[in-house]
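Its first residue numbered 5, the sequence shown is counted upward by one per residue in my numbering. I have placed the structure first, in the form of structure tokens, so that the comments after it can refer back to it.
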Amino acid sequence: MFKAAISSLIIISTSISFLFVSLPQKSYYHSLYISNSLSDNESISNHLYILTRRPHIAGSEANAEAAAYVLSTLTSFNIPSHIASYHTALTYPESRSLLLIRPPPDPPINFSLQQETYEGDPYADVASQVQPTFHGYAKSGTAVGPVVYVNYGRVEDYLTLKEMGVNVSGNVALARYGKIYRGDIVENAYAEGATGVLIFTDRKDYGGGGGDAKWFPDEKWMPPSGVQVGSVYNGAGDPTTPGWPSTEDCERLSDEQVVDMGDVPLIPSLPISWADGDAIIRSIDGKVAGDDWQGGKGAPVYRVGPGPGIVNLTYKGKQVISRIENVIGIIEGAEEPDRFVILGNHRDAWTFGAADPNSGTACLLEVAERLYKLQKKGWKPRRTIILCNWDAEEYGLIGSTEWVEENRQMLASRVVAYLNVDVAVAGAGFEAAATPQLDELLVQAAKQVLDPDNSSQSIYDSWIRSTNNPLKIERLGGGGSDYAAFVQHIGVPAADIAFGGGYPVYHSMYDDFIWMSKFGDPMFQRHVAVASLWGLVALKLADDEVLPFNYLTYALELQKSAEDLKGEVLNGGVTLVPLLKSINDLEKAAIKINDERKALMESKGWTSMWKDDRKVRELNDRLMMAERAFTDREGLPGRPWYKHLIYAPSKHNDYGSKSFPGVDDAIEKAKGLNTTDSWHSVQHEIWRVSRVITQASLCLKGELT
Ligand SMILES: *[C@@H]1O[C@H](CO)[C@@H](O)[C@H](O)[C@H]1NC(C)=O
Ligand SMILES: *[C@@H]1O[C@H](CO)[C@@H](O)[C@H](O)[C@H]1NC(C)=O
Ligand SMILES: *[C@@H]1O[C@H](CO)[C@@H](O)[C@H](O)[C@H]1NC(C)=O
Ligand SMILES: *[C@@H]1O[C@H](CO)[C@@H](O)[C@H](O)[C@H]1NC(C)=O
Ligand SMILES: *[C@@H]1O[C@H](CO)[C@@H](O)[C@H](O)[C@H]1NC(C)=O
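Following this line, the structure appears as structure tokens:
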């Protein structure tokens, strides 16, 4: 209704030329933003090409060069930009070796641990700049022992091994990638008494299923020598500065204190290729593993061991206090400069980073260029838009976390929303995750942008088809990318979008421009679509007079999560009543503020010039701060950095994003112990969640008790 009233206003006003409405409405600029006339796949492709010419791990000179490119590009678009640098503890490999001793007559294998270039590889001459394969923050040391195959290294996989009578203790675990975060693979193996961990890329999961499947550069699949490197750190931010920014000469924890924090691994680990994994599997005897533990087509029979194959895994890393650089560009808001809409993407990459993360960086620069073009046509954002290009995300979300920690108070009082893009494109198919009050906005925006793979429909059409209706929007409880500090530490509404999700050459040397232009996005139209959607969501958040948040969705989402808890707490004598009541109150508060918004908008129209700006601002502040109310000063039990009691990684699992992580962890514990005290802790966590939800309701209602 509001929009219709405004657009007729434009027609009238242009004909009679009222001074106060002579500029086009914001919605005109928003349509222009996503039009073909402003978008450019050639320049996106060019940005990506330049950003990925060399491997650029965090702390390297090549990554500083990439930062300079981002800075100068933003500056060329008239966006005032600067570098926010930190001095953070990063680790690099010094030496590694892996020896497999096989039962005679097979000779030992001394693995080369090298990713190979291919005939005609344009990056062959810079391949030596790729760091040797390793795990960030891996423990230095040697592990020698018989190998046990542990499938994906999940808690349930160890239960299966116990049922088979296999004792992992004292052995070296061989796990495959693909179901849980690699840091959890190492932690779970440690908990079972393994002395070291090897993690391989199985052809079944990353090689097109095995058999006759070809690999890069012929197909998109991981080559035999390809290795998924990555961090095995379980925290967020520089491990030596928990909760405070890593400025030069700041206070730092000692190595012993870092170990006491419990987020760095305590046994050595190495990532290995599918070829090496295959050779080790062939040296393992013992019971045959179950069907869902087996490999792909043409793979040997997987057995669990232990041994007789014995490995000697040696890793030595060095920790270096390295300068990292976030690039920050600021487009100041014309009417509410002290309200921030933040777009973020990281720049550092384990290798060349064509998909992860520079497809996102190329899109960020495209967004910047389109906003520059809009400004030239007369548009100014109502609120401030901040473009962030983070560093050291791969090591543990470090650049974004240090910046959020340093600017905590400013951000907590001013940020409207944070919009993350990490891997912008790795293939076809749109995916989104968000805090629930943003769901509706994402849907609206997805309806306005064309599907890059079928221009007779919108992104929304293909999205809903791919998730088989209803739409699937993931939540942000995982630690997968730079939204974590915004959502989980300070309680900012956030979203994360991508095309294509996972991809086989993830974190390997083959994530380069050639892979992207052959397989990830041959026309760079998916990149264009991400830039369109990302920027459009940002424009709505920056320009809409009343923030486009719907907390009713949040209440419904929490209801679903509470339902899921019901079965879990049945036996413990725990009541969910306080939680259910707080969620009901949230629903009422959401309905109330939605009605207020409607009334406020309807009271406008011709009188919009004379509306009460303070009233709009007050309503917006309630919408903005309600997410903050889900945070708690103490944070989660034993994990004080995680302040958000609805969304945080759960302790024992994956990238997965669970609601009520504190309750979840307490239940996990209580199920094991089954004591009165342990079930009391579950009840306590339920009370705590109920209290923050009640805070959010009070905030939305804008009333004092
Ligand atoms: C394994 O190979 C490396 C490099 O080729 C070599 O330095 C090392 O001595 C070898 N180790 C053994 C036990 O043969
Ligand atoms: C597993 O092995 C370790 C030592 O290698 C031993 O201490 C432990 O008791 C064993 N556990 C079981 C269940 O056999
Ligand atoms: C394991 O390998 C390391 C490095 O090659 C070597 O120093 C060590 O002696 C080996 N240990 C055993 C028990 O073979
Ligand atoms: C493209 O979209 C249209 C409209 O939704 C649909 O009918 C058609 O099947 C789609 N084409 C392909 C190749 O998916
Ligand atoms: C950009 O898109 C056009 C039209 O889809 C296509 O012909 C061109 O090759 C694309 N450019 C790049 C760099 O992919």
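All C-beta atoms in this analysis are idealised placements derived from N, C-alpha and C, irrespective of residue type, glycine included.
C-beta contact flag for residue i and residue j at 9 Å
| i | j | result |
| --- | --- | --- |
| Asn349 | Asn316 | no |
| Asn67 | Glu329 | yes |
| Arg351 | Val74 | yes |
| Thr205 | Trp297 | no |
| Ser701 | Asp599 | no |
| Met513 | Gly63 | no |
| Thr244 | Val233 | no |
| Asp669 | Glu638 | no |
| Lys143 | Asp547 | no |
| Val693 | Val667 | yes |
| Gly174 | Thr199 | yes |
| Asn238 | Gly187 | yes |
| Tyr558 | Thr439 | yes |
Any non-hydrogen atom of ligand 1 within 8 Å of residue i CB
| i | result |
| --- | --- |
| Ser132 | no |
| Leu317 | no |
| Ser116 | yes |
For residue i, three-class secondary structure by DSSP
| i | result |
| --- | --- |
| Gln563 | helix |
| His60 | coil |
| Tyr651 | strand |
| Met613 | In this prediction, Met613 scores a pLDDT of 48, lower than 50, which makes its location untrustworthy; no coordinate-derived value is stated. |
| Val305 | coil |
| Pro109 | coil |
| Trp394 | strand |
| Ser85 | strand |
| Leu423 | strand |
| Asp342 | strand |
| Arg643 | strand |
| Arg158 | coil |
| Arg207 | helix |
| His91 | strand |
Alpha carbon of residue i to alpha carbon of residue j, nearest angstrom
| i | j | result |
| --- | --- | --- |
| Gln699 | Ile402 | 30 Å |
| Leu94 | Ile325 | 6 Å |
| Pro227 | Gln492 | 37 Å |
| Ile494 | Val292 | 48 Å |
| Val190 | Glu672 | 20 Å |
| Ala419 | Arg412 | Position check: residue 419 holds Val in this sequence, whereas Ala was assumed. Going from the Cα of Val419 to the Cα of Arg412 covers about 10 Å. |
| Ala603 | Tyr194 | 58 Å |
| Val151 | Tyr210 | 22 Å |
| Thr405 | Tyr487 | 9 Å |
| Val134 | Ile61 | 8 Å |
| Leu274 | Trp225 | 21 Å |
| Leu117 | Gln441 | 47 Å |
| Asp242 | Val236 | 13 Å |
| Pro310 | Asp161 | 15 Å |
| His684 | Lys564 | 23 Å |
| His86 | Glu336 | 14 Å |
| Ala449 | Asp426 | 19 Å |
| Arg386 | Tyr555 | 23 Å |
| Asn155 | Val573 | 30 Å |
| Pro552 | Ile597 | 12 Å |
| Val371 | Leu347 | 10 Å |
Contact test: residue i Cβ vs ligand 4 heavy atom, cutoff 8 Å
| i | result |
| --- | --- |
| Gln452 | no |
| Ser460 | yes |
| Asp222 | no |
| Asp668 | no |
| Asp295 | no |
Check: residue i C-beta below 8 Å from any heavy atom of ligand 2
| i | result |
| --- | --- |
| Gly174 | yes |
| Asn554 | no |
| Thr171 | In the sequence on display, residue 171 carries Asn and not Thr. Yes, ligand 2 has a heavy atom inside 8 Å of this Cβ. |
| Gly311 | no |
Check: residue i C-beta below 8 Å from any heavy atom of ligand 3
| i | result |
| --- | --- |
| Leu103 | yes |
| Val148 | yes |
Ligand 5 heavy atom lying under 8 Å from the CB of residue i
| i | result |
| --- | --- |
| Pro385 | no |
| Gln529 | yes |
Distance cut-off 8 Å: residue i Cβ against heavy atoms of ligand 7
| i | result |
| --- | --- |
| Gly200 | Among the ligands modelled here, namely ligand 1, ligand 2, ligand 3, ligand 4 and ligand 5, ligand 7 does not occur. |
Exercise for the section: Could you say if the segment 198-218 and the segment 329-341 meet the contact criterion of at least three C-beta pairs nearer than 8 Å? Expected result: no
Problem - Segment contact flag, the segment 366-379 with the segment 533-544, C-beta cutoff 8 Å, min 3 pairs - result: yes
Exercise for the section: Take every Cβ of the segment 513-529, pair it with every Cβ of the segment 444-451, and state whether three or more of those distances are shorter than 8 Å. Expected result: no
Problem - Segment contact flag, the segment 465-475 with the segment 574-581, C-beta cutoff 8 Å, min 3 pairs - result: no
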